[in-house]
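Chains as they are written, first to last, in the working numbering: chain U, 591 to 886; chain G, 4 to 108.
Report on the following structure.
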Amino acid sequence: MKNITIAIASGKGGTGKTLISVNMFYALNQLYDSVTLVDCDAEEPNDLLFFSQTQLKQVSQTEVNLSIPVINDKLCTFCGLCQEYCTYNAIFILKDLKRISVLEDLCHGCGACTFACKYGAIKEREVSLGEVTTYKVFENSYLVEARGRVGVYSPVNVIKAATTIGQRGGIVLLDSPPGTSCPFIQTVAKADYVILVTEPTPFGLSDLKQSAETLKTMGKPFGVIVNRAGLGDDEVYSYLKNENVPLLMEIPFEREIASIYSRGEIVAKTRPGWVDDFGEMFGLIYKDYGDSGNKR
Amino acid sequence: MKIAITSTGNTLDSLIDSRFGRCSYFVIYDSETKSTEFIPNPNKESIEGAGPASAQLVATKGVTKVVSGEFGAKVKSLFDTLQIELVILNKADKSIKEIIELLER
Numbered sequence: 591m592k593n594i595t596i597a598i599a600s601g602k603g604g605t606g607k608t609l610i611s612v613n614m615f616y617a618l619n620q621l622y623d624s625v626t627l628v629d630c631d632a633e634e635p636n637d638l639l640f641f642s643q644t645q646l647k648q649v650s651q652t653e654v655n656l657s658i659p660v661i662n663d664k665l666c667t668f669c670g671l672c673q674e675y676c677t678y679n680a681i682f683i684l685k686d687l688k689r690i691s692v693l694e695d696l697c698h699g700c701g702a703c704t705f706a707c708k709y710g711a712i713k714e715r716e717v718s719l720g721e722v723t724t725y726k727v728f729e730n731s732y733l734v735e736a737r738g739r740v741g742v743y744s745p746v747n748v749i750k751a752a753t754t755i756g757q758r759g760g761i762v763l764l765d766s767p768p769g770t771s772c773p774f775i776q777t778v779a780k781a782d783y784v785i786l787v788t789e790p791t792p793f794g795l796s797d798l799k800q801s802a803e804t805l806k807t808m809g810k811p812f813g814v815i816v817n818r819a820g821l822g823d824d825e826v827y828s829y830l831k832n833e834n835v836p837l838l839m840e841i842p843f844e845r846e847i848a849s850i851y852s853r854g855e856i857v858a859k860t861r862p863g864w865v866d867d868f869g870e871m872f873g874l875i876y877k878d879y880g881d882s883g884n885k886r
Numbered sequence: 004m005k006i007a008i009t010s011t012g013n014t015l016d017s018l019i020d021s022r023f024g025r026c027s028y029f030v031i032y033d034s035e036t037k038s039t040e041f042i043p044n045p046n047k048e049s050i051e052g053a054g055p056a057s058a059q060l061v062a063t064k065g066v067t068k069v070v071s072g073e074f075g076a077k078v079k080s081l082f083d084t085l086q087i088e089l090v091i092l093n094k095a096d097k098s099i100k101e102i103i104e105l106l107e108r
């Protein structure tokens, strides 16, 4: 069995992370045993749409919670220690006015305030942040979906839970959220290798640079897939050459690919060449970063 | 009446700071004594929650009005419950002295 975790990410949204993720997942399933796809885009997960409901069998579901402080102002002496302990400015206190409140959006659920309180004025209550659902897709192959609850401030805890649950051994693909902020960092932190998907436009390049710089800082190896090749200009290619970043694959700018994708279908099913291409690309990544090369 | 104004520096000639939570200084102006106090903002580099922490700071000073370029969503509701008036001033070239003159009119 081959063991490796690969994140599929991009700075810019809409470059084709999901296209690559679901097709690579499908292709690797044709070639290897035990492949898991984790949809880490908890704010709008959509990998599930590419598999028919009859094909999917739900095997487990885990609720992701956060413990939020509840302050009893009858017991509170307004000493302010809980606020001093809070790194995230989630407790608002006006000692003179005897006012105290919790800003739930800022709370990370660390429990420091409860620990700080000497008067037993802080109790905790569980707040649901979202859920992680595991589906069986093919034999010995799973799709793990992180789905944040609408209105929750940060999807990071749900992503963290999904990458932990999704770490089933074998080949694990992480479909990352867009951008380069905390949700992206949380996802790629668990990967042995990162595939950045971009498009050959000034927008694609601008965001590619930001993601590449972030990954360099994190010490993560990465390569690039250029989607919609043929569109835009050559600047992305010059950048890759100058920075010595491997170009892993090019996907042509073709109406038919977009059409298949927009129907929620997997392109590799009707284009067997894609299975070979993804297999070949995976083989090269695995050779350098799989199993023994795993320095997580 | 005490009024907080966000400032880019610690003199009356400094310009207004367009951000509330992460401004450089808070000026506390007392319209009765005509005195001003400049407080360096300890929340300027906060990782998160600079707005609410700054709201707490100015509320502790007993102000009833805050002047800044903009306010985030979290602090707006906090100031509402504290019945502190918010004044949005979209003129980045106004100095603290000029703003005090405007408030005195």
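We treat Cβ as the ideally placed atom computed from N, Cα and C, and that holds for glycine.
This structure is a prediction, so every number in the text was calculated from the model and none was measured.
DSSP beta-bridge partners of residue i
i: M839(U); result: I815(U)
i: P659(U); result: E714(U)
i: P45(G); result: DSSP output for P45(G) lists no bridge partner at all.
i: K726(U); result: K647(U), Y732(U)
i: E88(G); result: K68(G)
i: T39(G); result: Y32(G)
i: A7(G); result: I31(G), V69(G)
i: T777(U); result: Per DSSP, none; premise fails for T777(U).
i: V654(U); result: G720(U)
i: T807(U); result: Bridge partners of T807(U): none, in fact.
i: F682(U); result: S691(U)
i: Y542(U); result: Only positions 591 to 886 of chain U appear in this structure, which leaves residue 542(U) out of reach.
Closest residue to residue i among the options (Cα-Cα distance)
i: V654(U); options: V748(U), I847(U), I785(U), R758(U); result: V748(U)
i: E870(U); options: S611(U), V826(U), A617(U), K602(U); result: A617(U)
i: A53(G); options: Q673(U), N679(U), N662(U), P659(U); result: N679(U)
i: A858(U); options: L609(U), M591(U), A599(U), G603(U); result: L609(U)
i: N44(G); options: R22(G), Y32(G), G65(G); result: R22(G)
i: E633(U); options: R758(U), Q648(U), E721(U); result: E721(U)
i: Y783(U); options: H698(U), I755(U), E846(U), D881(U); result: D881(U)
i: I598(U); options: P767(U), T704(U), L665(U), S744(U); result: P767(U)
i: E674(U); options: I761(U), A702(U), R715(U), Y743(U); result: A702(U)
i: L805(U); options: V778(U), R861(U), N730(U); result: V778(U)
i: S796(U); options: V625(U), T770(U), C630(U), Q776(U); result: T770(U)
i: I658(U); options: Y725(U), V625(U), R715(U); result: R715(U)
i: G822(U); options: T788(U), N832(U), K831(U), E833(U); result: T788(U)
i: I775(U); options: S801(U), I755(U), G756(U), G604(U); result: S801(U)
i: L639(U); options: A781(U), G820(U), V727(U); result: V727(U)
i: T652(U); options: D629(U), I755(U), D631(U), T595(U); result: I755(U)
i: S684(U); options: A58(G), R108(G), N93(G), L105(G); result: Rather than Ser, the amino acid found at residue 684(U) in this sequence is Leu. For L684(U), the nearest C-alpha among the options comes from A58(G).
i: C772(U); options: I761(U), K750(U), T791(U); result: K750(U)
i: W864(U); options: K877(U), I847(U), I875(U); result: I847(U)
i: G601(U); options: K799(U), E844(U), I761(U); result: K799(U)
i: D686(U); options: A76(G), K97(G), K77(G), L60(G); result: L60(G)
i: R845(U); options: R853(U), S731(U), A711(U); result: R853(U)
i: K607(U); options: V816(U), R861(U), D824(U); result: V816(U)
i: Y851(U); options: N613(U), C630(U), L656(U), K877(U); result: N613(U)
i: D824(U); options: L837(U), T791(U), D695(U); result: T791(U)
Interface partners of residue i on chain U, CB under 7 Å
i: S49(G); result: N679
i: A62(G); result: L684
Cutoff 8 Å: residue i Cβ touching any chain G Cβ
i: F682(U); result: yes
i: L693(U); result: yes
i: D866(U); result: no
i: K885(U); result: A caution first: K885(U) carries a pLDDT of 48, below 50, which makes its placement in the model unreliable, though a value can still be read off. It does not; no Cβ of chain G falls within 8 Å.
CB contact below 8 Å: residue i versus chain U
i: P55(G); result: yes
i: I102(G); result: no
i: Q86(G); result: no
Within chain G, partners of residue i - CB distance below 8 Å
i: L696(U); result: E51, G52, P55, K77
Supposed close pair residue i, residue j - CB separation, criterion 8 Å
i: S611(U); j: L621(U); result: No, S611(U) and L621(U) are not in contact; Cβ-Cβ is about 16 Å, not under 8 Å.
i: E73(G); j: I102(G); result: No, E73(G) and I102(G) are not in contact; Cβ-Cβ is about 15 Å, not under 8 Å.
i: L671(U); j: A706(U); result: 5 Å
i: V742(U); j: L719(U); result: 5 Å
i: G12(G); j: V78(G); result: That pair is no contact at about 22 Å.
i: L656(U); j: G604(U); result: With 8 Å as the limit, L656(U) and G604(U) do not qualify as a contact, their Cβ atoms being about 30 Å apart.
Interface partners of residue i on chain U, CB under 9 Å
i: L81(G); result: F682, S691, L693
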